[in-house]
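Peer 1:
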Amino acid sequence: MRHLRDDLGFRFFEFLSAIDWLPSPYGRYEEAAVDVDLPALRAEALATDPSTLETGVAGGDTRYQVFARVMNLAERDLGIIVKVDVPPVDADPHLPGAIGTIVAIYPGADWNEREVHEMYGIGFEGNPNLRNLYLPTGFEGHPLRKDYPLLARHVKPWPGIVDVEAMPDEAGDEEEGDE
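Numbering follows this note's numbering, with no gaps: position 46 of the sequence shown is 33.
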C-alpha cells in the first residue's frame, strides 16, 4: 500500500470493507471470473510488472477477504481496489485471523478497520484503536458474518422485570359514561 501511495500517486483512501465467502448450501450463482479487465494502458501505469496485475476477480481461496479502494485523483481520477485474503485461525478454520493495518499509510482507514473488526471479527495487527463503533461493549458475535445466528431464530428472555398493567377482563367491563 505504501508503494501505491508514494510511488504511484494513490494518495486518497476511499473505503475498506470485508466479505464472508461462506459457502451456501445452494451453491454459487456464478463462478468467480474476470468481470472487467483494465485496458493495457492503465495496467502499465499501475504496476512496474503489468503481468502480475490481476483485475476484476471475485471470490477466492479463503473465507474472508478485505477490500480497500484507493484513488489517484491527479491521473485521470484512477481508482483501484486492493484485495487481501484473510488467513484463518489455526485452531478453528472458520474464524478469521488478522492482517496488517494500513492506518500508518492511510489514517482515514482507522474507522473502516474498526468497523470490519467489529462486524466480521477480522483483526488488524498494529491498529491500537480497535474499539466498537456501533455495538455495545458486551455484545456477543459479529453480525455480518454468515454464520451469525439471526435473533428471530433464538429468542432470549427479557433481561429485566417489566410492570404490566392488568388487562380488562374478556367480558368487556366498561366504565360508566363510556357508552
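Using N, Cα and C, we set each Cβ at its ideal position, and we do this for glycine too. Small disclaimer: the values here were computed from a predicted structure and weren't measured.
How close, in whole Å, do the beta carbons of Arg50 and Asp7 come, if the pair is a contact with beta carbons under 8 Å?
Peer 2: 6 Å
Peer 1: Mapping the DSSP letters down to three states, classify Ala78 as helix, strand or coil.
Peer 2: coil
Peer 1: Count the other CB atoms within 10 Å of the CB of Asp36; is the residue buried (16 or more) or exposed (fewer)?
Peer 2: Annotation note: pLDDT 49 at Asp36 (below 50); position unreliable, coordinate value reported separately. Counting every other CB atom within 10 Å of its CB across the protein chains shown gives Asp36 a total below 16, marking it as exposed.
Peer 1: Taking DSSP as the reference, what is the three-state secondary structure of Met(-12)?
Peer 2: coil
Peer 1: Could you tell me whether the Cβ atoms of Leu(-9) and Val76 are closer together than 7 Å?
Peer 2: no
Peer 1: Quick one: grab the DSSP three-state call for Asp97.
Peer 2: DSSP places Asp97 in the helix class (H, G or I) of the three-state scheme.
Peer 1: Just to confirm, is the Cβ distance from Asn119 to Asp97 under 7 Å?
Peer 2: no
Peer 1: Quick one: residues in its chain with C-beta nearer than 6 Å to the C-beta of Leu131, no 5 flanking neighbours on either side, listed in chain order?
Peer 2: Only Met106, Tyr107 meet the Cβ criterion.
Peer 1: Work out the CA separation of Arg101 and Ile92 for me, nearest whole Å.
Peer 2: Whole-angstrom Cα-Cα distance: 16 Å.
Peer 1: What residue does the beta strand (DSSP E) around Asp64 start on, and which one ends it?
Peer 2: Taken as a continuous stretch (DSSP letters only), Asp64 belongs to no beta strand (DSSP E), as it is neither H nor E.
Peer 1: Would a C-beta distance cut-off of 7 Å place Tyr135 and Gly125 closer than the cut-off?
Peer 2: no
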